[in-house]
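Let me begin by presenting the structure, written as structure tokens, before commenting on it.
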Amino acid sequence: NAGVTQTPKFQVLKTGQSMTLQCAQDMNHNSMYWYRQDPGMGLRLIYYSASEGTTDKGEVPNGYNVSRLNKREFSLRLESAAPSQTSVYFCASSDDRGLGTKNIQYFGAGTRLSVL
Amino acid sequence: AQTVTQSQPEMSVQEAETVTLSCTYDTSENNYYLFWYKQPPSRQMILVIRQEAYKQQNATENRFSVNFQKAAKSFSLKISDSQLGDTAMYFCAFGGNDMRFGAGTRLTVKP
Chain P
15 NAGVTQTPKF
25 QVLKTGQSMT
35 LQCAQDMNHN
45 SMYWYRQDPG
55 MGLRLIYYSA
65 SEGTTDKGEV
75 PNGYNVSRLN
85 KREFSLRLES
95 AAPSQTSVYF
105 CASSDDRGLG
115 TKNIQYFGAG
125 TRLSVL
Chain W
-5 AQTVTQSQPE
5 MSVQEAETVT
15 LSCTYDTSEN
25 NYYLFWYKQP
35 PSRQMILVIR
45 QEAYKQQNAT
55 ENRFSVNFQK
65 AAKSFSLKIS
75 DSQLGDTAMY
85 FCAFGGNDMR
95 FGAGTRLTVK
105 P
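What follows is the structure in structure tokens.
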């Protein structure tokens, strides 16, 4: 089972460049999430999507855009990368319908992004 | 605002012994979920255990158990018979769609 797949695993950008982080899940989950992880700060929610066609801001949305392309895919875009966006980015998904699995988030392996 | 606090940045334990990781949170909600996630050096986030706030019984999962004190807003994780493979960062998390994570506790299990 693939679970949650993120691409790429590593990326180096120059300040001002743009890029899109891709995420796909094969578990038929309705909710998907993007987090960033910085040293000493745990994970912080950037955006989430509770269902196809909907997106909501999390704790740190500034500088990012997202697209819920379909039920499987949720992408994160940096339009003009800044050094402050150097971080590890995680995508996650959850099935909020089943009582036994409600709100359990399953994570991808992460993308390490450096902005120079 | 919902916040999660892990007051122990680092902890260590001898193999086969028991260790408890602390977590406190702040919320005005009555129904919610609490989680402990493990992040080994591979960076993969792995669910350890989940607690539903409306359940008074503490969750257990093999060697892992929680002490959930709703009135005190406390949610500690106890690891029994610690194993070398338990060495990892442990994150306490609160909520549902808008999940909030603590800063983490780095646990080292020593042989």
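The listed protein sequences derive, respectively, from chains P and W.
Residue numbers for the first sequence follow my numbering, so the first one is 15 and each next one is one higher.
Residue numbers for the second sequence follow my numbering, so the first one is -5 and each next one is one higher.
All C-beta atoms, glycine included, are put in the ideal place defined by N, C-alpha and C.
As the structure is a computational prediction, the values presented were derived from the model and not from experiment.
task = Helix, strand or coil for Ser32(P), going by three-state DSSP, please let me know.
result = Ser32(P) sits in coil when the DSSP states are folded into three classes, being neither helix nor strand.
query = Are at least three pairs of beta-carbons, each pair with one atom in the region 16 to 30 of chain W and one in the region -2 to 8 of chain W, less than 8 angstroms apart?
reply = With the cut-off at 8 angstroms, the region 16 to 30 of chain W and the region -2 to 8 of chain W touch.
key: Sequence-distant residues of the same chain with beta carbon closer than 8 angstroms to Gly17(P), five excluded per side   = Around Gly17(P), the same chain offers Gln39, Asp40, Met41, Tyr120 and Gly122 as residues with beta carbons nearer than 8 angstroms, after the five sequence neighbours per side are excluded.
query = Ser76(W) and Val42(W) look like a contact to me (Cβ under 8 angstroms); what is the Cβ gap, rounded to whole Å?
reply = Actually they are not in contact, since the Cβ atoms of Ser76(W) and Val42(W) sit about 13 angstroms apart, beyond 8 angstroms.
query = Is Ser70(W) near the ligand GTP, judged by its Cβ being under 6 angstroms from some heavy atom?
reply = In the structure shown, the ligand GTP is absent, as is every other ligand, since no ligand is present at all.
ask   = What's the call for Phe62(W), buried or exposed, on a 16-neighbour Cβ count within 10 Å?
value = Buried, by the Cβ-count rule.
query = What are the boundary residues of the beta strand (DSSP E) that Glu9(W) is part of?
reply = For Glu9(W), no beta strand (DSSP E) run applies, since DSSP gives it neither H nor E.
query = Thinking just about the alpha-carbon of each residue, which of Ser74(W), Ser36(W) and Arg37(W) is nearest to the one in Thr54(W)?
reply = Ranking the options by Cα distance to Thr54(W), first place goes to Ser74(W).
task = Check whether the Cβ of Phe121(P) lies closer than 7 angstroms to any Cβ atom in chain W.
result = Nearest CB-CB separation between Phe121(P) and chain W: below the 7 angstroms threshold.
Inter-residue Cα distance where the pair is Ala11(P) and Ala10(W) = This structure leaves residue 11(P) out entirely; chain P is present only between 15 and 130.
task = Count the other CB atoms, across all protein chains shown, that sit within 10 Å of the CB of Ala82(W); report buried if there are 16 or more and exposed otherwise.
result = Buried, by the Cβ-count rule.
ask   = Who are Asn79(P)'s beta bridge partners in DSSP?
value = Answer is Arg91(P), bridged to Asn79(P).
task = Can you tell me which of the three DSSP states Asp80(W) falls into?
result = Annotated three-state conformation of Asp80(W) is helix, per DSSP.
message = Just to confirm the assignment, what range does the beta strand (DSSP E) spanning Tyr120(P) have?
response = Looking at the DSSP string, the run of the beta strand (DSSP E) that includes Tyr120(P) is Gln119 to Phe121.
inquiry  = On the DSSP bridge list, what partners appear for Met39(W)?
reply    = As DSSP reads the structure, Met39(W) sits in no beta bridge.
message = Using CA atoms only, rank isn't needed, just tell me which of Ala106(P), Phe88(P) and Tyr78(P) is closest to Ser32(P).
response = Selection Ala106(P), Phe88(P) and Tyr78(P) evaluated against Ser32(P) yields Tyr78(P) as nearest (Cα-Cα).
query = Roughly how many angstroms lie between the CA atoms of Leu101(W) and Ser59(W), to the nearest whole one?
reply = Whole-angstrom Cα-Cα distance: 16 angstroms.
query = With a cut-off of 7 angstroms, does the C-beta of Arg37(W) fall near any C-beta of chain P?
reply = For Arg37(W), the closest Cβ of chain P is nearer than 7 angstroms.
request  = Determine the chain P residues that contact Tyr19(W) at a beta-carbon separation under 9 angstroms, and present them in chain order.
outcome  = None at all; the shortest Cβ gap to chain P is about 13 angstroms.
Delimiting residues of the beta strand (DSSP E) encompassing Gln50(W) = Here Gln50(W) belongs to no beta strand (DSSP E), and DSSP marks it neither H nor E.
task = Using only alpha-carbon positions, find the residue among Ala87(W), Gln33(W), Arg37(W) and Gly96(W) that is nearest to Tyr27(W).
result = Minimum Cα distance to Tyr27(W) is reached at Ala87(W).
request  = Flag Gly67(P) as yes if its beta-carbon sits less than 7 angstroms from any beta-carbon of chain W, otherwise no.
outcome  = No - not a single Cβ of chain W is within 7 angstroms of the one on Gly67(P).
ask   = Pick from Asn25(W), Asn24(W) and Ile40(W): whose alpha carbon is nearest that of Tyr31(W)?
value = Cα-wise, what sits closest to Tyr31(W) is Ile40(W).
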